[in-house]
Structures are given as structure tokens and as C-alpha cells.
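Here full-length UniProt numbering is used: position 302 in the sequence shown is 302, and no number is missing along the way.
No residue lacks a Cβ here, since even glycine has one placed at the ideal position from N, Cα and C.
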Amino acid sequence: MSFWSNSQSKYLIRAQFAGVLPERVQAELVIKDLWFYTSIKGKNNRKTNMLDFCSHRCTLLAAFFVGLTLFGSLLIQWPLFFKMKMTSRIETEVIDMNINAKNTTVLVWYWPFGDKSSLDGNVCWERFGIPNCKLVDDRSMFSQADFVVFHNRELIQGQQRLPVDQTRPRRQKWVWFSLESPAHNGNVKPFAGHFNCTMSYRRDADIYTPYGSLVPQDFGTGLTVEDFIPKNKSSMACWVVSNFAAHHKRTAVYNRLKTFIPVNVYGGALNKRLDGNVLLPTISHCYFYLSFENSIFKDYITEKLWYNGFMGGAVPVVLGPPREQYEAVAPKDSFIHVDDFPSLEELGKFLKSLAEDKERYASYFNWKLKYLGKSDLAVGGRNFVKFAPKSVAYKSIRSMRTYILGNGNKIKGIKTPTKSNFL
1 MSFWSNSQSK YLIRAQFAGV LPERVQAELV IKDLWFYTSI KGKNNRKTNM LDFCSHRCTL
61 LAAFFVGLTL FGSLLIQWPL FFKMKMTSRI ETEVIDMNIN AKNTTVLVWY WPFGDKSSLD
121 GNVCWERFGI PNCKLVDDRS MFSQADFVVF HNRELIQGQQ RLPVDQTRPR RQKWVWFSLE
181 SPAHNGNVKP FAGHFNCTMS YRRDADIYTP YGSLVPQDFG TGLTVEDFIP KNKSSMACWV
241 VSNFAAHHKR TAVYNRLKTF IPVNVYGGAL NKRLDGNVLL PTISHCYFYL SFENSIFKDY
301 ITEKLWYNGF MGGAVPVVLG PPREQYEAVA PKDSFIHVDD FPSLEELGKF LKSLAEDKER
361 YASYFNWKLK YLGKSDLAVG GRNFVKFAPK SVAYKSIRSM RTYILGNGNK IKGIKTPTKS
421 NFL
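Okay, structure coming up:
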């Protein structure tokens, strides 16, 4: 039984907000889908676009997150977390903590990008329906906090620093939070030994915070795949880009691809910014959207796929980590991967033929009949702090640099994230 009425479903379809992938179960983690919406606002001039979308979907949701997990049986999962010579850099001990006896306090040491949100009232319960937790940003509560969250960007830029001069409670856990790729995480060597938990888009993070997700959904009868495809297609491909750098692989791919198919380019890089109210409608005119990441690292799949591609009503053409990592979070027939083709000329030919074949093109939207898309950029913090076990694994990450650059981040077949395979 769908929790959306048929009319609501059709509205979502028309608005092109239906889509995205089935939620994946993290067996040992009790927290998922946590987001700092605020942190996204500072990235690549997306503030206006995301705020407009957020106000459309969810009125007055918290702009900031925090969600922390107490890891029951993390000791079992931990060897899987760090498969590549990581265990020697981790100290782990089990602490008995009766988490049901008191509220768990999460302290936001500073707000990402300085965008503060109100924490008045019982935020955990009133906004998210989560009991036994307290979310605060008052530094005087440092000694009482069970978790303290630090956003990486302000640390590496010297705008904030870790409170290493304060007496830290033995059971307190420090959370390193970042949604950037390793190419933009800066020098993290000074953080060695200070953090206990990681929070990022990576699927092996302690707290997994993907840029998007989808939920199995029954839209009822009377809908066909054509209902999910915008009827105003007039352009072959489009791309919205703010950071256009010559050394990026995506720049080389675009420069080559545009010789085979026309590509409409928008964004701050060309001084052709799209306001939030015209971003998705503009993309909907295109058959394909170039969901090109600015760097290529493990699991780094951003709003370029989830928001611009899926919610824009175009078929995403992705450039990022290998196809199998996309398929781990999105239906395999919902996107086209650049690496599927021996050359960009062959990719261009394929896109042209696909745009001319209505039935084949529509097949890339079949998954929308089964799933409802969620852009966590818009939904904000949700499902955030659920506790169950009494045993909590306490660990010290002895090398943040090893975590960021190791454990599968050197993807086979890609020498560096800046060199093109198609030059």
C-alpha cells in the first residue's frame, strides 16, 4: 500500500522528483541517511538551488545534521572496514555504556560554512521523532558531550581548530565529517589520533551519508514510464558546471565529446548561472545530462547524479568511479557510464541513436515505476541517532591520511584523478 496517494504520485512525477535508488541495509550500523544540508549550501554555489528545492519539499527542516551511531558489534565489522593494512593503525577497546540510561549528547563544535541553524526545543524528538538524544552547539557542554562533530573544511583552512587544549572525557568520540573527495580534503596529517568516527559519502564510513538514495515505492495503477519522462525534449545534452579546470578529467572528456554531439553548458564557470527555479526545468529539456564528477575517487557520487540527473528528468551520463560503484547505489539501467565505451566517438554515436529511439530511451526511466527518489540535499537530517546496543566500540584513527587515500581510493585503471583516458 503506497503512502502516497495516486494524485500525490503524479504530482511528484510531474515535478520530476520521483526516482533514485533502493535503500541499502547496513547490517551493523544503526544510523543511516544523515545529512548536513547546510554543508552543501557552501559547495559550488548551489545554495540558492538547494534552498529553493528544500523549501518546496520540506518546510523548516533542520539545515544541519548530526547523527551518530553507537556501533553494536562494530568489532565484528571493523576488520571489514579497514581491509588494507589499517588495523595496525587503529586502537579498539569495548566500553560498557548504558545508553538507555541518559540522553546521548551530540555537540556541533561549529557549523559548516558558518550557516547556523536553530536548535531550540527538543530537536531530536520534535523534528525527527528520536528519543534519548540531545543536539547542541554550546561549547560549554563539551565535557558532557558523547560525540563532538567537526567539519573538515574549516579545519584544513585554519578557520577552526580542534579543542586539544581541553580535558577530553574518556568515552567522548570525535567525528570527522566531510563530503569532499580526497582531492579536496587538504592536509589531514595533524589530525592523527584525534578522531574516533568518520562520517562521509563513502560506504565504508562509520556513518554513511550518501548524496542521494531511493526508496521502493508503489505508485499504484494507471502510470506508465512515459509519465516520468518530460515531454519537452529539445536538446541533446546539457551540463551545469561551476568549477571548470583545465586539469580535470571531465574537462578533457567534455572537450572531446562536444565534437560529436551538441552540449549546452551552464553554470558559474561560464557566467551562465541557473537559479533554483529554472535549474531542473532547464535540464528537463535535455535528453542527457553530463553527471561528471570533479575528481574520481571511491564512492564519490554526488548531487550531479542524484539531483541534477535523476530529478532533472534526463538520462545521466556519468564520469566518476567505476560502474560497479554506481550500481551499488543506483539501478544499473538508470545511467550511462563513460567507461562503457571504447572511445568518446562511440559514446556520441550511442547517445544520438538512443535519443532517436523512443522505446530504448524510455527504458532508462523504467526504474522510476518502482522507486521514489530522495535528495538528501533537500530532506535534511532525518533518522538521525538510533541507539540499541550497550557495547560501544571505541577506536582511535591513527592516520586520517591513510583512511582518506587508502582503502581502495586508488582506483584501478586511473593513474590520477586529473588525467583523461581519452586524450
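Quiz item: If you count every other CB in all the chains shown that lies within 10 Å of the CB of residue 321, and 16 or more means buried, which is it?
Solution: buried
Quiz item: In its own chain, which residues sit with a C-beta less than 7 Å from the C-beta of residue 352, not counting the 5 before and 5 after it?
Solution: 261
Quiz prompt | Range of the contiguous alpha helix (DSSP H) that encloses residue 211 | solution = Counting along the chain, residue 211 falls outside any alpha helix (DSSP H), and DSSP gives it neither H nor E.
Quiz item: Who are the Cβ neighbours of residue 109 in its own chain at under 6 Å, not counting the five residues just before and after it?
Solution: 148 and 150
Quiz prompt | Whether residue 296 touches residue 316 by CB criterion (9 Å) | solution = no
Quiz item: When the distance is taken between beta carbons, is residue 258 closer than 9 Å to residue 319?
Solution: no
Quiz item: Taking DSSP as the reference, what is the three-state secondary structure of residue 123?
Solution: Residue 123 carries a helical assignment under DSSP once its states are collapsed to helix, strand and coil.
Quiz item: Can residue 184 and residue 162 be called in contact, C-beta distance under 9 Å?
Solution: no
Self-check item: Bounding residues of the beta strand (DSSP E) (the contiguous stretch that carries residue 269)
Solution: First-last for residue 269: undefined, no H or E at that position.
Quiz item: In angstroms, rounded to a whole number, what distance separates the CA positions of residue 218 and residue 233?
Solution: 27 Å
Self-check item: Cβ contact check for the segment 153-169 and the segment 121-137: 3 or more pairs under 8 Å
Solution: Flag = no, the segment 153-169 and the segment 121-137 do not touch.
Quiz prompt | Beta-carbon proximity list for residue 169, same chain, < 7 Å, skipping 5 on both sides | solution = 143
Exercise. Can you check DSSP and say which residues form a bridge with residue 362?
Key: DSSP output for residue 362 lists no bridge partner at all.
Exercise. Examine the Cβ distances between the segment 196-208 and the segment 362-369 and report whether three or more of them are shorter than 8 Å.
Key: Contact between the segment 196-208 and the segment 362-369 is absent, because fewer than three Cβ pairs lie under 8 Å.
Practice problem: Look at the Cβ atom of residue 277, then the Cβ atom of residue 239, and state whether they are nearer than 9 Å. | Solution: No, these two residues do not count as a Cβ contact at 9 Å.
Quiz item: DSSP state of residue 242, grouped into three classes?
Solution: coil
Quiz item: Thinking just about the alpha-carbon of each residue, which of 220, 302 and 268 is nearest to the one in residue 291?
Solution: 302
Self-check item: Residue environment, residue 93, which counts as buried when at least 16 other CB atoms sit within 10 Å
Solution: Reliability fails at residue 93, whose pLDDT of 37 lies under 50, so the model's placement of it is uncertain and the value that follows must be treated cautiously. Under this definition residue 93 is an exposed residue.
Quiz prompt | Cβ-based burial, residue 189 [other Cβ within 10 Å; buried from 16] | solution = exposed
Self-check item: Backbone CA spacing between residue 116 and residue 137 [nearest angstrom]
Solution: Between residue 116 and residue 137, the C-alpha separation is close to 9 Å.
Practice problem: Would you mind reading off the limits of the alpha helix (DSSP H) that contains residue 326? | Solution: 323-327
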